[in-house]
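Asker: Sending over a structure as structure tokens; questions will come in a sec.
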Amino acid sequence: MQGLKIVLIGYGKMGHVIEKIAQARGHQIVLTIDRGEEALFDDPRFASADVAIEFTAPAMAFDNCLRAIERGIPVVSGTTGWTDRQPELRARCEAGEGTVFWSSNFSIGVNLFLQINRRVAALMQAAPNYHLSMDETHHIHKLDAPSGTAITLAEAILSERPELTGWELSEEPHTGLLPITAHREGEVPGIHTVTYTSEVDRIVLTHEAFGRQGFALGAVLAAEFAHTHQGWLTMDDMLQLG
Ligand SMILES: NC(=O)c1ccc[n+]([C@@H]2O[C@H](COP(=O)([O-])OP(=O)(O)OC[C@H]3O[C@@H](n4cnc5c(N)ncnc54)[C@H](OP(=O)(O)O)[C@@H]3O)[C@@H](O)[C@H]2O)c1
């Protein structure tokens with residue numbers, strides 16, 4: 453693929469890693485927009501971009517994505533914690549008004565982990581004596597809990613477990629709900645664990661990210677995909693793992 457002109461909306465921890473990976477893949481960062489720099493959405497460099505990549509904060513993501521699609525620029529967003537605002541954006545994209553590629557986790561490994569968990573959840577239907585729980589650990593700077601990835605993982609598992617009606621952030625599980633516990637420690641990039649416990653044994657599935665590179669590479673691959681596809685896009689569309 454020919455090098456893309458990319459705008460980074462949010463130039464924090466993820467923005468910096470994405471910049472390095474995008475450049476290594478032959479793309480050009482034409483502009484970065486950080487907090488308080490909203491005027492740059494009307495900069496000619498924004499209009500010249502092929503795609504924007506947005507990693508900011510839950511309260512800002514919706515407006516940032518909207519600004520991009522209103523200016524005809526496809527946007528890849530990895531910001532978590534704003535799923536309540538996404539249906540509106542999705543509807544606009546599905547009506548042909550723009551392109552948004554959102555994922556709670558752009559790591560290819562995590563998306564494989566999601567599919568593994570979907571299949572294990574279906575298999576474990578035959579073993580109702582195993583109690584299911586989920587645990588996630590992230591760095592202390594993370595604003596949302598449980599993580600967006602934990603919620604996506606829970607939704608994937610719940611789709612295979614009709615006897616469970618939802619998930620809850622709780623150490624004390626209620627019947628019919630999938631309990632999720634969240635921990636915030638040091639600079640941990642992200643650990644997600646799904647556990648099935650019976651009276652006699654335990655089955656544990658864990659994904660552990662070693663750094664931010666896996667998320668950043670996935671976001672750049674998503675930007676390349678969003679350049680050639682339209683509408684509301686997801687990792688399922690790009691990876692076709694299902
Ligand atoms: N989907 C994935 O694969 C994935 C992976 C990792 C992280 N994430 C998510 O990505 C988001 C960002 O993570 P991060 O670790 O990069 O956080 P971060 O280091 O805090 O970076 C966020 C950056 O966005 C800036 N910002 C805040 N409001 C903005 C606005 N209105 N417009 C433009 N920029 C703004 C922040 O500026 P200030 O510092 O001034 O606030 C900061 O530079 C979080 O929601 C996180 O959960 C997703």
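Per my numbering, the sequence shown starts with residue 453, numbered consecutively.
All residues carry an ideal CB built from backbone N, CA and C; glycine is no exception.
(1) Just curious, the beta strand (DSSP E) that methionine 586 is in, first and last residue?
(2) Around the Cβ of valine 672, are there at least 16 other Cβ atoms within 10 angstroms (buried) or fewer (exposed)?
(3) Is arginine 487 near ligand 1, judged by its Cβ being under 6 Å from some heavy atom?
(4) Could you give the distance in angstroms between the alpha-carbon of proline 526 and the alpha-carbon of alanine 504?
(5) Only counting runs of 3 or more residues, tell me where the beta strand (DSSP E) segments fall wholly within the segment 603-667, in order along the chain.
(6) DSSP three-state label for glutamine 538, please.
(7) Look up glutamine 454 in the DSSP assignment and say whether it is helix, strand or coil.
(8) In the DSSP assignment, find the unbroken beta strand (DSSP E) run with alanine 493 in it and report its ends.
(9) Determine whether the beta carbon atoms of alanine 678 and threonine 551 lie at a separation below 7 Å.
(10) Would you check whether ligand 1 has a heavy atom nearer than 6 Å to the C-beta of lysine 472?
(11) Would alanine 634 pass as a contact of alanine 608 if the rule is Cβ separation under 7 Å?
(12) So what does DSSP say about phenylalanine 553, is it helix, strand or coil?
(13) Any idea what DSSP makes of isoleucine 480, helix, strand or coil?
(14) Say yes only if the C-beta of phenylalanine 558 is nearer than 6 Å to one or more non-hydrogen atoms of ligand 1, and no if none qualify.
(15) Given 6 Å as the limit, tell me if threonine 686 has its C-beta closer than that to any heavy atom belonging to ligand 1.
(16) I'd like to check one pair, valine 646 with methionine 586: are the Cβ atoms closer than 7 Å?
(17) Examine the Cβ distances between the segment 560-568 and the segment 643-660 and report whether three or more of them are shorter than 8 Å.
(18) Can alanine 509 be considered in contact with ligand 1, in the sense that its beta carbon sits closer than 6 Å to one or more heavy atoms?
(19) With a threshold of 8 Å on Cβ separation, who are the neighbours of glutamate 620 within its own chain once the five nearest residues in sequence on each side are excluded?
(20) Can you tell which of Ala491, Ala543, Arg664 has the C-alpha that lies nearest to the C-alpha of glycine 467?
(21) Check whether the Cβ of lysine 465 sits closer than 6 Å to any heavy atom of ligand 1, and report yes or no.
(22) For alanine 504, report the span of its beta strand (DSSP E) as first-last.
(23) Measuring only the C-alpha atoms, how far is arginine 487 from glycine 462?
(24) Which residue comes first and which comes last in the beta strand (DSSP E) that contains serine 599?
(25) In or out: methionine 453 buried (at least 16 other Cβ within 10 Å) or exposed?
Answerer: This is what the structure gives:
(1) Residues 583-590.
(2) Buried, because 16 or more other Cβ atoms sit within 10 Å of the Cβ of valine 672.
(3) For arginine 487, the Cβ falls inside the 6 Å cut-off from some heavy atom of ligand 1.
(4) C-alpha separation (whole angstroms): 6 Å.
(5) Every beta strand (DSSP E) of 3 residues or more that sits fully in the segment 603-667 is shown, in chain order, as 618-621, 629-636, 643-649, 654-660.
(6) Glutamine 538 falls in the helix class under three-state DSSP.
(7) The answer is coil: DSSP assigns glutamine 454 none of H, G, I, E or B.
(8) Checking the sequence, you will find phenylalanine at residue 493 rather than alanine. Premise fails: phenylalanine 493 is in no beta strand (DSSP E) and is neither H nor E.
(9) Cβ atoms of alanine 678 and threonine 551: closer than 7 Å.
(10) Not under cutoff, so the answer is no.
(11) Their beta carbons are not under 7 Å apart, which means alanine 634 does not touch alanine 608 by this criterion.
(12) Reduced to three states, the DSSP call for phenylalanine 553 is strand.
(13) Reading the sequence as shown, one finds glutamine at residue 480 and not isoleucine. Strand.
(14) Phenylalanine 558: yes, Cβ under 6 Å from ligand 1.
(15) Every heavy atom of ligand 1 is 6 Å or more from the Cβ of threonine 686, so no.
(16) Going by beta carbons, methionine 586 and valine 646 fall inside the 7 Å limit.
(17) Yes, they touch.
(18) Answer for alanine 509: yes, Cβ within range of ligand 1.
(19) If you ignore the 5 residues before and after glutamate 620, its C-beta comes within less than 8 Å of the C-beta of His626, Leu629, Leu630, Pro631, Ile632, all in its own chain and listed in chain order.
(20) Considering only alpha carbons, the answer is Arg664.
(21) Yes - ligand 1 has a heavy atom lying nearer than 6 Å to the Cβ of lysine 465.
(22) Note, alanine 504: beta strand (DSSP E), 503-506.
(23) Within the model, the alpha-carbon separation for arginine 487 versus glycine 462 is close to 7 Å.
(24) No beta strand (DSSP E) holds serine 599; DSSP gives it neither H nor E.
(25) With fewer than 16 other Cβ atoms inside 10 Å of its own Cβ, methionine 453 counts as exposed.
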